[in-house]
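Trainee: With the first letter of the sequence shown counted as 1, position 211 gets the number 211 in the UniProt record's numbering; the numbers rise by one all the way through.
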Amino acid sequence: MQQINIVISGFAPYEGVDVNPAVLVPAAVARQWADPAMSQAVSEDLLQDVSIAVTNVTLPVSFANAWPTLLKAIEQTKPDIVIATGLKRTSRGILLERCATNLMDAARPDADNVIPERRPIDPNGPAAYWTRLPLRSILRDFAKHEIPATLSSDAGTFVCNSLFYHLLDWSASQPKRILSGFVSLPIVNERPHERGLSVEQQTAAVDDVLRESVRYFLQPSSGDILLG
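(1) Pick helix, strand or coil for Ile81, following the three-state DSSP scheme.
(2) How about Gln2 and Asp35: do their beta carbons lie closer than 9 Å?
(3) According to the neighbour-count rule (16 or more other Cβ atoms, all chains shown, within 10 Å of its Cβ), is Gly16 buried or exposed?
(4) Rounded to a whole number of angstroms, what is the C-alpha to C-alpha distance between Pro21 and Gln219?
(5) What does Tyr129 pair with, by DSSP beta-bridge criteria?
(6) So within the segment 101-169, which uninterrupted beta strand (DSSP E) runs reach at least 3 residues, ignoring any that extend past its ends?
(7) Just reading off the alpha helix (DSSP H) that Val206 is part of, what are its end residues?
(8) Output the distance between the C-alpha atoms of Trp130 and Thr69, rounded to the nearest integer angstrom.
(9) Tell me which same chain residues have a C-beta within less than 6 Å of the C-beta of Ile178, skipping the five on either side of it?
(10) For the pair the segment 142-155 and the segment 53-67, tell me if three or more CB-CB distances fall below 8 Å.
(11) Mapping DSSP to helix, strand and coil, what is Ile4?
(12) Measure the beta-carbon distance from Val159 to Val61 and round it to whole angstroms, keeping in mind my assumption that it falls under 8 Å.
(13) May I ask you to report which of helix, strand or coil DSSP gives Gly228?
(14) Less than 9 Å between the beta carbons of Phe63 and Asp105, yes or no?
(15) With C-beta atoms as the reference, is Ile94 less than 9 Å away from Ala107?
(16) Return the residue from the list Arg211, Ile4, Pro123 and Lys78 that minimises the CA-CA distance to Tyr165.
(17) Can you tell me whether Gln132 is buried or exposed? The criterion is at least 16 other CB atoms within 10 Å of its CB, across all chains shown.
(18) Between the Cα of Asp208 and those of Arg119, Val19, Thr101 and Pro134, spot the shortest distance and give me the residue it belongs to.
(19) Go to Val25, then tell me how far its alpha helix (DSSP H) extends in each direction, as first and last residue.
(20) Taking Cβ to Cβ, would you say Lys88 is nearer than 9 Å to Ser184?
(21) Is the beta carbon of Asp110 closer than 9 Å to that of Ala128?
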């Protein structure tokens, strides 16, 4: 049986956000996959002979400490897939981030009360990295499950983008193939037809991201990719 290790990260509480999906959703997905009944319920032919271990890690909203915290979890678990999540308060649904840009440009302080000067994340790095997740197949799965979602050109210039850039830079340097990407979650809202989604919908969405990423890891296809 093939073993696939996955790390799912989220961010610690944001100022002014009482119910934080970036903590709740990754933890819920990890709990689901730790349940033996989940493995028994996976009926897809492609996943029948695969053992999936999901590790959840919560990161500080910190330019200095978010990536080192995630990297420590990565070094401990040696994942094949890394799915980072964060909160985008203005979003109506799930945002699949297409690329990470090499720029820090914060207008507000992070959790360390630091506003870094406007500068590249890595002065010697490329201007941007594209996600390594199969966005087309993920969007198809979202449509099938009626999960509101869209593509996003980038994850902004705050800590989410900084983490995303470091993650993709690390992935590009690895000798083995690593799938990695970033998913922005909306606020938690149980009322339909309003901005935001319930925790259950967001958990189902991230679970879809995980499943489609595993399928793509096992059987990569150009038809699964959608960047532009």
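Every residue gets a Cβ at the ideal spot worked out from N, C-alpha and C, and that includes glycine.
Quantities reported herein were computed from a predicted structural model and do not represent experimental measurements.
Mentor: By the coordinates alone:
(1) Residue state, collapsed to three classes: strand.
(2) No.
(3) Classification of Gly16: exposed, given that the 10 Å Cβ count is below 16.
(4) Pro21 and Gln219: Cα-Cα distance of roughly 30 Å.
(5) Ala100, per the DSSP bridge assignment.
(6) Whole beta strand (DSSP E) segments, 3+ residues: 128-130 and 149-152.
(7) Residues Val199 to Leu218.
(8) If you take the alpha carbons of Trp130 and Thr69, they lie about 22 Å apart.
(9) For Ile178, where only same-chain residues beyond five positions count, the Cβ hits under 6 Å are Ser171.
(10) Result no; under three Cβ-Cβ pairs closer than 8 Å.
(11) Three-state DSSP puts Ile4 in a strand.
(12) Rounded, the Cβ-Cβ distance is 5 Å, consistent with contact.
(13) Low confidence applies to Gly228: its pLDDT is 44, below 50, so where it sits in the model is not reliable, and the reading given next is rough at best. Coil.
(14) No, the Cβ-Cβ distance between Phe63 and Asp105 is not below 9 Å.
(15) Not a contact, by the Cβ cut-off of 9 Å.
(16) Of the candidates Arg211, Ile4, Pro123 and Lys78, the one whose C-alpha sits nearest the C-alpha of Tyr165 is Pro123.
(17) First, the amino acid is wrong: residue 132 is Arg here, not Gln. Buried, because 16 or more other Cβ atoms sit within 10 Å of the Cβ of Arg132.
(18) When only C-alpha atoms are compared, the closest one is Pro134.
(19) Note, Val25: alpha helix (DSSP H), Pro21 to Ala34.
(20) At a Cβ-Cβ threshold of 9 Å, Lys88 and Ser184 count as neighbours.
(21) In this structure, Asp110 does not lie closer than 9 Å to Ala128 by Cβ.
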